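Per this note's numbering, the sequence shown starts with residue 61, numbered consecutively.
Here the structure is laid out as structure tokens; the discussion comes afterwards.
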Amino acid sequence: MYETKLACVSCHKTYDLGVRYSCAACGGILEVLYDYDRLQREVPPAGLLPEPGLGLWRYKHLLPVTQEAAMLTLHEGGTPLIRSRNLAGEIGAEDLHIKDETRNPSGAFKDRPMTVGISKARELGCRAVTTASSGNGAASLAIYAAKASLPCFIFVPEGTPIGKVAHAVTAGANVIKVRGDYSNSYRTAKQAAADYSWMNITTTFLNPYTFEGDKTVAYELFHQLGRRVPDWILIPTGAGPLVYGIFKGFVELKRFGLTTAVPRLAAVQSEGCQPIVAAFKASQERVKAWDNVQTVASAIADPLRGYERDGELILRVIKESRGLAIAVSDGEMLEDVRRLAATEGVYVEPAAAASVSALKRLLASGEIRKNDKVVCLVTGHGLKDPTSAIREVQVPVIEPGSGELRELDLLRKYAGKEP
Ligand SMILES: *Cc1c(COP(=O)(O)O)cnc(C)c1O
Ligand SMILES: [Zn+2]
Numbered sequence: 061m062y063e064t065k066l067a068c069v070s071c072h073k074t075y076d077l078g079v080r081y082s083c084a085a086c087g088g089i090l091e092v093l094y095d096y097d098r099l100q101r102e103v104p105p106a107g108l109l110p111e112p113g114l115g116l117w118r119y120k121h122l123l124p125v126t127q128e129a130a131m132l133t134l135h136e137g138g139t140p141l142i143r144s145r146n147l148a149g150e151i152g153a154e155d156l157h158i159k160d161e162t163r164n165p166s167g168a169f170k171d172r173p174m175t176v177g178i179s180k181a182r183e184l185g186c187r188a189v190t191t192a193s194s195g196n197g198a199a200s201l202a203i204y205a206a207k208a209s210l211p212c213f214i215f216v217p218e219g220t221p222i223g224k225v226a227h228a229v230t231a232g233a234n235v236i237k238v239r240g241d242y243s244n245s246y247r248t249a250k251q252a253a254a255d256y257s258w259m260n261i262t263t264t265f266l267n268p269y270t271f272e273g274d275k276t277v278a279y280e281l282f283h284q285l286g287r288r289v290p291d292w293i294l295i296p297t298g299a300g301p302l303v304y305g306i307f308k309g310f311v312e313l314k315r316f317g318l319t320t321a322v323p324r325l326a327a328v329q330s331e332g333c334q335p336i337v338a339a340f341k342a343s344q345e346r347v348k349a350w351d352n353v354q355t356v357a358s359a360i361a362d363p364l365r366g367y368e369r370d371g372e373l374i375l376r377v378i379k380e381s382r383g384l385a386i387a388v389s390d391g392e393m394l395e396d397v398r399r400l401a402a403t404e405g406v407y408v409e410p411a412a413a414a415s416v417s418a419l420k421r422l423l424a425s426g427e428i429r430k431n432d433k434v435v436c437l438v439t440g441h442g443l444k445d446p447t448s449a450i451r452e453v454q455v456p457v458i459e460p461g462s463g464e465l466r467e468l469d470l471l472r473k474y475a476g477k478e479p
């Protein structure tokens, strides 16, 4: 409600708030500026940052929509922060918290950027919306567009998990598969948005309003940790708007004098698609697009081809937070999908487990100490992409009644150990 302008993160040129996707002067990423001074004068502290709960619009003062009637919610956000004891014990962390983003309406954190993107589209009077997505953004935009009664057109890579496509199609979205990796879908959505005058709500830094929704993770964590800032936040990362949003949220908290520090941010990618990590490791400021995407973590498989700048912004942000970028393997993520479910009861998709896989590595290397206060974000639900987990599943079938039970291995092993 206190948004003032769009500004280029590279050359700082400013623009009026409207439908705009990049800086006309330099092609840079645009973000929303706010009049924080006026906001602090007019909004009492309690109203500024209320306790977490369902619905992001409780933070409307810090989100870039002004008309109340345009704000559309499906009761997103307000996700639990789970104090981990079982998983923490297994991996040797003493102060581990899991931010469970699977609880969002579409089963992934993408509902945070989407509620803002769709509400802004309504405020600006857009008649139809589009997005490119690796799957979760598709399902998310589909449900918000359904609620808004707006037609939506969604471009996804051919190999997108069927559960996500089915979710979007069932909600009435027009889903179109594009051959090749995510960057091809990104380019296609961009061209189609221009051709047909659709508002582009692609969450990967293209739509400048969407990643404001990601800030709310920071506000919630601040409350959930007892008005404290964690030492580390580990974040599964594609292009990185979630990383950027969380960073911006903590910078705002600091500006309001509520905290003194910004947590260290770890951007976690998959070894099979790690453009940001590769640049980080080589101490380079330039990011090179990734050529050959090979990973089960489809939700974070963004090669950044044609928008390498997204990755460069993330490098800046993780450096500013004194954080890092790290890649993990498919094998580690699949193992941690199992581990998260079997220790904490949280069932996630492979990309979402990347934060836990990275924590294990960083504990082993000593970069994270075992008594650091750590938050692992788990970003998407396991039921949306169970393909890899299904391969491991072997379940016996028996005739009705308990007769055949004693023949089963799993019970033979159990025999004699009953309490
Ligand atoms: C989109 C997505 C990410 C990556 O988010 P970015 O903000 O694009 O970096 C991570 N995990 C899941 C499950 C996602 O759907
Ligand atoms: Zn610029």
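All C-beta atoms, glycine included, are put in the ideal place defined by N, C-alpha and C.
As the structure is a prediction and not an experimental result, all values here were calculated from the model.
Can you determine whether any heavy atom of ligand 2 sits closer than 6 Å to the C-beta of residue i, and answer yes or no?
i, result
"Lys65", "no"
"Ser82", "no"
"Gly286", "no"
"Ala85", "yes"
"Gly88", "yes"
"Ser70", "yes"
Locate the beta strand (DSSP E) running through residue i, then write down its first and last residues.
i, result
"Phe271", "Taken as a continuous stretch (DSSP letters only), Phe271 belongs to no beta strand (DSSP E), being part of the alpha helix (DSSP H) at 270-274."
"Ile151", "Element bounds for Ile151: not the beta strand (DSSP E) but the alpha helix (DSSP H), 146-151."
"Pro296", "292-296"
Between residue i and chain C, is there a C-beta pair that is closer than 7 Å?
i, result
"Glu368", "In the displayed structure, chain C is absent; only one protein chain is listed."
For residue i, does the three-state DSSP call read helix, strand or coil?
i, result
"Leu66", "strand"
"Met393", "helix"
"Gln329", "strand"
"Tyr367", "coil"
"Asp155", "strand"
"Leu384", "strand"
"Tyr81", "coil"
"Arg324", "strand"
"Leu109", "coil"
"Tyr75", "strand"
"Leu141", "strand"
"Lys348", "coil"
"Ala357", "coil"
"Ala168", "strand"
"Lys430", "coil"
Have a look at the DSSP bridge pairing and note the partners of residue i.
i, result
"Asp160", "Val438"
"Tyr94", "Glu63"
"Pro217", "Val238"
"Asn260", "Thr190"
"Lys444", "Paired residue(s): none; Lys444 is not in a bridge."
"Cys212", "Val189"
"Val103", "DSSP, once it has assigned bridges, lists no residue as partnering Val103."
"Val408", "His441"
"Ala401", "Answer by DSSP bridge pairing: none, since Ala401 is not bridged."
"Ala414", "Per DSSP, none; premise fails for Ala414."
If contacts are defined as beta-carbon pairs under 8 Å, then residue i and residue j qualify, I think. What distance do you get, rounded to the angstrom?
i, j, result
"Thr439", "Leu147", "With a Cβ gap of about 16 Å, Thr439 and Leu147 do not count as contacting."
"Ala385", "Val435", "Their Cβ separation, rounded to whole angstroms, is 17 Å, which puts Ala385 and Val435 out of contact at 8 Å."
"Gly300", "Asp241", "So it is not a contact: roughly 17 Å between Cβ atoms."
"Cys212", "Ala202", "6 Å"
"Asp274", "Pro124", "Between Pro124 and Asp274 the Cβ distance is about 13 Å, and since that is not below 8 Å, they are no contact."
"Val238", "Ile214", "About 10 Å; that fails the 8 Å criterion."
"Asp255", "Val406", "About 42 Å separates the two Cβ atoms, so there is no contact after all."
"Val353", "Cys333", "5 Å"
"Ile360", "Ala414", "7 Å"
"Thr297", "Val328", "6 Å"
Is any heavy atom of ligand 3 found at a distance shorter than 6 Å from the C-beta of residue i?
i, result
"Ile360", "The model on display carries ligand 1 and ligand 2 but not ligand 3."
Could you spell out the range, first to last residue, of the alpha helix (DSSP H) harbouring residue i?
i, result
"Tyr246", "242-256"
"Pro173", "171-183"
"Phe310", "301-315"
"Ala206", "196-208"
"Val337", "335-341"
"Ile222", "222-230"
"Asp469", "469-474"
"Leu266", "Run containing Leu266: none; DSSP gives neither H nor E here."
"Val125", "First-last for Val125: undefined, no H or E at that position."
Does the distance between the C-beta of residue i and the nearest non-hydrogen atom of ligand 1 fall short of 6 Å?
i, result
"Asn164", "no"
"Gly300", "yes"
"Thr320", "no"
"Asn196", "yes"
"Pro296", "yes"
"Ala339", "no"
"Gly383", "no"
"Thr74", "no"
"Ala349", "no"
"Ala168", "yes"
"Ala208", "no"
"Thr191", "no"
"Ala411", "yes"
"Thr175", "no"
"Gly440", "yes"
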